[in-house]
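Engineer: One structure follows; several queries about it will come next.
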Amino acid sequence: MTGPDYDHFCRLVRQRSGLVLTPEKAYLVSSRLAPVARTEGLGTVAQLLAVLRIGASEALVQQAVDVMATHESYFFRDAAPFEQLADSVLPPLIAARQTQRTLRIWCAACSSGQEPYSVAMILMEMGHRLAGWKLEILATDMSEPILRKASAGLYNDFEVKRGLSAERQARWFTQEPDGWRVSPKLQQMVRFRPHNLLQGSSGLGVFDVIFCRNVLIYFDIETKRQILDQLRRAMAVDGSLLLGSAETVLGVSDAVQPVPGLRGLYRPADGSLARSA
Ligand SMILES: C[S@@+](CC[C@H](N)C(=O)[O-])C[C@H]1O[C@@H](n2cnc3c(N)ncnc32)[C@H](O)[C@@H]1O
């Protein structure tokens, strides 16, 4: 699938989400847009691409962009970032925030919620060390349908077993006719809201920890740089950033620097705010 309608769609997706579609992704575009074309009563994906080019409703444009995003996620994905959170990130923050007794964590691009709920489990499992603290987990994504699933906190058998130990499943989930519901204790710790990483992070406040995992891989280098610079501006001076295992800042941005020996964990670089100001 090539031609002006396809090229227009690729530009649209890039402008709205940052996701880069190349001619080699034509098969992916076709398979993801086919169900949208069907529900719109259009015979083919080519017809849908033409409608999107000539002028479609905002809702249809939004839906077409949304289906191009990959929402793959699971509980305690890659294990290491959550071990780092519990063992290396939270202990010094707890020591440093004894007066305020507040921690703010942001899961940027949280998809269906497994990441922020995993963070919430880690915080709850810190027990008395965080008793009485104000703990806020902000979980954002550009996709409103996936945020609805995330805030419902309902997972099927496959999803609930993926990454979760039997102990954690029993402790934090209740079986319901439609699946496994996350405990209200975890649910009330997480605030879900739509947010597009292309729109910067001003207005969200300052965070002690930011998870931005498995989304930068889809962007071009300039978009990655802008987002990393913005994430740095949203981090406390002693804050931490956790990226995905396939993501790096090397050759992209010097706003954050890797923590030696802890793959995927980054801290603000000295003087980075002055440079990016
Ligand atoms: C592969 S999931 C990653 C989920 C989770 N962070 C993890 O590692 O399991 C990528 C998510 O990024 C979201 N996304 C893509 N582009 C975005 C953007 N520009 N702003 C915010 N979210 C975006 C998608 O909607 C999708 O839910």
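So in this note's numbering, the last spot in the sequence shown is 1435, and the numbers never skip. Backbone N, C-alpha and C fix where the C-beta goes; we use that ideal spot for every residue, glycine too.
With DSSP as the reference, label Gly1337 as helix, strand or coil.
Structural biologist: The answer is strand: DSSP assigns Gly1337 an E or B state.
Engineer: Which first and last residues belong to the alpha helix (DSSP H) in which Ala1380 is found?
Structural biologist: One detail in the question is off: residue 1380 reads as Glu in this sequence, not Ala. First-last of the alpha helix (DSSP H) with Glu1380: Ile1379 to Arg1391.
Engineer: Cα-Cα, which of Ile1295, Ser1360, Thr1228 and Arg1320 is closest to Ile1304?
Structural biologist: Considering only alpha carbons, the answer is Thr1228.
Engineer: Please tell me whether, using a cut-off of 7 angstroms, the distance from the CB of Asp1428 to the nearest non-hydrogen atom of ligand 1 is below it.
Structural biologist: The answer is no for Asp1428.
Engineer: Enumerated in chain order, which unbroken segments of the beta strand (DSSP E) with a length of 3 residues or greater are wholly contained in the region 1242 to 1272?
Structural biologist: If we require 3 residues or more, the beta strand (DSSP E) runs fully inside the region 1242 to 1272 come out as 1260 to 1266.
Engineer: Measuring alpha carbon to alpha carbon, tell me which of Val1340, Leu1251, Asp1428 and Asn1372 ends up nearest Leu1177.
Structural biologist: It is Asn1372.
Engineer: How many whole angstroms separate the CB atoms of Gly1419 and Leu1400, which I take to be in contact at a CB cut-off of 8 angstroms?
Structural biologist: With a Cβ gap of about 15 angstroms, Gly1419 and Leu1400 do not count as contacting.
Engineer: Could you check whether the region 1350 to 1367 touches the region 1160 to 1177, counting it as contact only if at least three pairs of C-beta atoms, one from each stretch, sit closer than 8 angstroms?
Structural biologist: Yes: the two stretches touch, three or more of their Cβ pairs being nearer than 8 angstroms.
Engineer: Can you tell me whether Gly1397 is buried or exposed, with buried defined as 16 or more other CB within 10 angstroms of its CB?
Structural biologist: Under this definition Gly1397 is a buried residue.
Engineer: Is the region 1292 to 1299 close to the region 1206 to 1214, with three or more CB pairs under 8 angstroms?
Structural biologist: Counting Cβ pairs under 8 angstroms, fewer than three are found: no touch.
Engineer: To the nearest angstrom, how far is the alpha carbon of Gly1201 from that of Glu1302?
Structural biologist: Rounded to whole angstroms, Gly1201 to Glu1302 spans 27 angstroms at the Cα level.
Engineer: Apply the 10 Å Cβ neighbour rule to Glu1273 and answer buried if 16 or more other Cβ atoms are within range, or exposed otherwise.
Structural biologist: Buried is the call here.
Engineer: Determine the extent of the beta strand (DSSP E) in which Val1417 is found, giving its start and end residues.
Structural biologist: Val1417 -> no beta strand (DSSP E), and no H or E assigned at all.
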